[in-house]
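One structure is given here, and the rest of the page talks about it.
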Amino acid sequence: MGVVLYRLERGIIRMEQNAAFVEEIYQTIKATEMFFECYDGKKVVIVFDNAPAHRQTKQRVTAHDDMVILRLTPYSPMCNPIEGCFSVLKAHIKDHLAMDREEICDRSNMTDNDGVTLTITERSMRFLERAAKASMQYLTPTLVAKMELHARDWVNAAEDMRTCATESDFCPKLVGKNLTLEFIYRVY
Numbered sequence: 001m002g003v004v005l006y007r008l009e010r011g012i013i014r015m016e017q018n019a020a021f022v023e024e025i026y027q028t029i030k031a032t033e034m035f036f037e038c039y040d041g042k043k044v045v046i047v048f049d050n051a052p053a054h055r056q057t058k059q060r061v062t063a064h065d066d067m068v069i070l071r072l073t074p075y076s077p078m079c080n081p082i083e084g085c086f087s088v089l090k091a092h093i094k095d096h097l098a099m100d101r102e103e104i105c106d107r108s109n110m111t112d113n114d115g116v117t118l119t120i121t122e123r124s125m126r127f128l129e130r131a132a133k134a135s136m137q138y139l140t141p142t143l144v145a146k147m148e149l150h151a152r153d154w155v156n157a158a159e160d161m162r163t164c165a166t167e168s169d170f171c172p173k174l175v176g177k178n179l180t181l182e183f184i185y186r187v188y
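Position 41, counted from 1, in the sequence shown is what the UniProt record's numbering calls 41; the numbers after and before it change by one each time, with no gaps.
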């Protein structure tokens, strides 16, 4: 399916904001034609890493019979498809900023289009936001599917008690957590 919803947020993301965003993601996914045609009757699975903003999300989100919130164990980014997508996104943001390097470093023009004087921090944030928006085009359905398969392979390796990575102790922590393709496959 790919990216169905994203936001650029400045500052700290509070637990309430995170919970509201989860509800918005759920409603957006449920409203898509693709969900209706291909996934009707299936559960929407939202996967979280172990970030502090995610600690109370499950308790704060409105419960839905067809929604599963899965919080991964610490140190298991390889089991979350969004982490691979973020890696690709960050690489493209860096490329975009590198192309704008001269303009970023030129401090002779510190005003916006309305003539308002910008602080260095505000000007930098605007460059970063512009780069992030321009880079979203690289989070394609193909990339998302590839990252889902990558995460599935890690989970399957953990379930099979195989070594997931060179000298890694991350995956065995997932054994017994009942993580299957169904839990991870439809993470957006």
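Where is the CB? At the ideal position from N, CA and C, for every residue including glycine.
| Item | Value |
| --- | --- |
| With a floor of 4 residues, list each alpha helix (DSSP H) that falls wholly inside the UniProt domain "Tc1-like transposase DDE" (14-104), ordered by position along the chain. | 15-31, 57-60 and 81-99 |
| Can you give the Cα-Cα distance for R55 and M15, rounded to whole angstroms? | 8 angstroms |
| Here's a check: name, in chain order, each residue in its chain whose Cβ is nearer than 7 angstroms to the Cβ of C171, leaving out the five neighbours to either side. | Low per-residue confidence applies at C171: pLDDT is 43, beneath 50, and the placement is therefore not dependable enough to give any value. |
| Using the beta-carbon count (16 or more within 10 Å), is F48 buried or exposed? | buried |
| Can you tell which of D106, L139 and K133 has the C-alpha that lies nearest to the C-alpha of R123? | D106 |
| Identify the continuous alpha helix (DSSP H) that holds E9 and give its terminal residues. | Where E9 is concerned, there is no enclosing alpha helix (DSSP H), given that its DSSP letter is neither H nor E. |
| Based on Cα-Cα distance, which residue from D100, G41, H96 and M78 lies nearest to E148? | M78 |
| Give me whichever residues DSSP pairs with T117 in a beta bridge. | T111 |
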